[in-house]
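Every letter in the sequence shown is one number past the one before it in full-length UniProt numbering, and letter 68, counting from 1, is 68. Yeah, the Cβ is synthetic: ideal placement off N, Cα and C, and Gly gets one too. This structure is a prediction, so every number in the text was calculated from the model and none was measured. The structure under discussion appears below in the form of structure tokens.
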Amino acid sequence: MDTQALKALIDLFGRAPLRELEISEGGQTVKITRAKQAQALMPLASLPPATAPAAPTTSSPSTEKAETCSSKEQLITAPMYGTLHLSPAPDAPPFVAVGDILHAGQQVGLIEAMKVFTPIKTEISGHVDAILVPDGCEVEAHQPLIRLS
1 MDTQALKALI DLFGRAPLRE LEISEGGQTV KITRAKQAQA LMPLASLPPA
51 TAPAAPTTSS PSTEKAETCS SKEQLITAPM YGTLHLSPAP DAPPFVAVGD
101 ILHAGQQVGL IEAMKVFTPI KTEISGHVDA ILVPDGCEVE AHQPLIRLS
């Protein structure tokens, strides 16, 4: 199985509600298993509507202010399922830090899946407000990683 097909398979698995997937092709077998820890890291936005917390029925001035601020924020999300690496090597400085200014096309991390490292490049520019996922954690496809303003 070629690398591109394997990446697509991992991405598809990351979006599917499966715990395990096994595929055999041309005498090769690939088995992908989701760790129980990854289920706990699933972002709230991907939960079914019935399990998401209810929105408040009244809005206060502080709620309106928070909504105004969040509309200016932008998120860099994971392109696929895997382990997030925020630096190119364990002893190297991170790709980005809180306070940095990012430009479109800049690399912000790596996602490792099945020993294949995929670079994460931002499509947006902005100021790094927060890094939402610690280095070395498993992430789901489309999970927010970095918040920009």
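Taking the alpha carbon of residue i as the point to measure from, which residue in the options has its own alpha carbon closest?
i	options	result
residue 139	102, 24, 79, 9	79
residue 96	8, 109, 77	109
residue 89	117, 4, 13	117
residue 135	3, 83, 10	83
residue 184	114, 85, 23, 25	Here the chain comprises residues numbered 1 to 149, so residue 184 is not present and cannot be evaluated.
residue 24	112, 5, 111	5
residue 19	8, 111, 34	34
residue 133	113, 75, 17, 115	75
Within 10 Å of its beta-carbon, does residue i have 16 or more other beta-carbons around it, so buried, or fewer, so exposed?
i	result
residue 32	buried
residue 27	exposed
residue 91	exposed
residue 8	exposed
Give every residue of the same chain whose Cβ lies closer than 8 Å to the Cβ of residue i, excluding the five residues on either side of it in the sequence, and list them in chain order.
i	result
residue 129	73, 98, 147, 148, 149
residue 47	Low confidence applies to residue 47: its pLDDT is 43, below 50, so where it sits in the model is not reliable enough to give any reading.
residue 29	22, 23
Excluding the five sequence neighbours on either side, which residues of its own chain have a C-beta within less than 6 Å of the C-beta of residue i, listed in chain order?
i	result
residue 13	21, 32
residue 103	125
residue 115	none
residue 113	10, 82
Quick one: residues in its chain with C-beta nearer than 7 Å to the C-beta of residue i, no 5 flanking neighbours on either side, listed in chain order?
i	result
residue 15	141
residue 106	121, 122
residue 127	101, 148, 149
residue 93	87
Quick one, are the C-beta atoms of residue i and residue j less than 8 Å apart?
i	j	result
residue 77	residue 119	no
residue 81	residue 11	yes
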